[in-house]
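To start, the structure under review is shown below, and the notes come after it.
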Amino acid sequence: IVVLGSRSSESASRAQVIAKHKIDGSRLARHTTLANAFIYTPIDTWDVEDVWKLLRGAFRYAPEYIDEWESPWGGNNRPLWTLYMDSSAQGECPLVIDESTPSCGNSRFGCWTCTVVTKDKAMESLIKNGEEWMSPLLKYRDLLAFTTDPVNKDTYRNYKRRTGKVSYQYAKDGEDRSAERKHVPGPYWLKYR
1 IVVLGSRSSE SASRAQVIAK HKIDGSRLAR HTTLANAFIY TPIDTWDVED
51 VWKLLRGAFR YAPEYIDEWE SPWGGNNRPL WTLYMDSSAQ GECPLVIDES
101 TPSCGNSRFG CWTCTVVTKD KAMESLIKNG EEWMSPLLKY RDLLAFTTDP
151 VNKDTYRNYK RRTGKVSYQY AKDGEDRSAE RKHVPGPYWL KYR
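When we follow full-length UniProt numbering, the leftmost residue of the sequence shown carries the number 1, and every step to the right adds one.
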């Protein structure tokens, strides 16, 4: 069983993926690639405010002597708050005191080389808020994103696969199999690796 902190409120596509793989009558979901594995998402119905309330200690999970921001294992969650605050284009993160107060933390975090999003707004905000050492990383990430644009792939990607074969997209069900197919690029040219 793989435990993930995925939440349906993160995005419409995340909600769709969570719902698609859920097992009826169970808190588990099927793993998309591992046949004998399951996924458990204990906070899938939470929104971002619920996450910050827990991290801030607003949901009391222990005796009253535990300070705000302290976790049950003794760590302090304040630096995490600061990281999200610095990566937010809002410039500040209000404390969640009641349900009407908007929280912080809508910045997208993950692999810094991810090219799923066009711009890494979190990294841009971190640089803007004093983390200049990240500038070369952002420049490299933006170059990677540029190479994934279909218009640019011929410049950066070999026309052959690593096996030496040239690949084309398969015809989908109902499509004319004799119609011209789109070329599937191979790995990056050696000079760009």
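Built from N, CA and C at the ideal position, the CB exists for glycine as well.
Per DSSP, the unbroken alpha helix (DSSP H) holding R78 starts and ends at R78 to D86.
For the set V48, I43, L137 and V116, the Cα lying nearest the Cα of Y84 is the one of V48. In terms of Cβ geometry, G57 and E68 form a close pair [threshold 9 angstroms]. In the three-state reduction of the DSSP assignment, S6 falls in the coil class. When the Cα atoms are used, D154 and F146 turn out to be separated by approximately 12 angstroms. By the CB criterion at 9 angstroms, A35 and I18 fall outside the cutoff. Around the beta carbon of I39, 16 or more other beta carbons lie within 10 angstroms, which makes this residue buried. Residue pairing for E70: DSSP places it in a beta bridge opposite N76. Within the stretch 125-163, the complete alpha helix (DSSP H) runs of at least 4 residues fall at 135-147 and 153-156.
Beta-bridge pairing by DSSP links R56 to no other residue. In the three-state DSSP reduction, V116 falls in the coil class, being neither helix nor strand.
Residues of the same chain with a CB within less than 8 angstroms of the CB of N158, apart from the 5 flanking positions on each side, are P185, G186, P187, Y188 and W189 in chain order.
Residue environment for S125: buried (at least 16 other C-beta atoms within 10 angstroms of its C-beta).
In the DSSP assignment, the residues bridged to A29 are K22 and I39.
Taking R141 as reference, the option from G130, C111 and P72 with the minimal CA-CA separation is C111. 9 angstroms or more divides the Cβ of R161 from the Cβ of Q169.
Residue burial is scored here from C-beta neighbours: Y192 has fewer than 16 other C-beta atoms within 10 angstroms and is therefore classed as exposed.
The three-state secondary structure of Y170, taken from DSSP, is coil.
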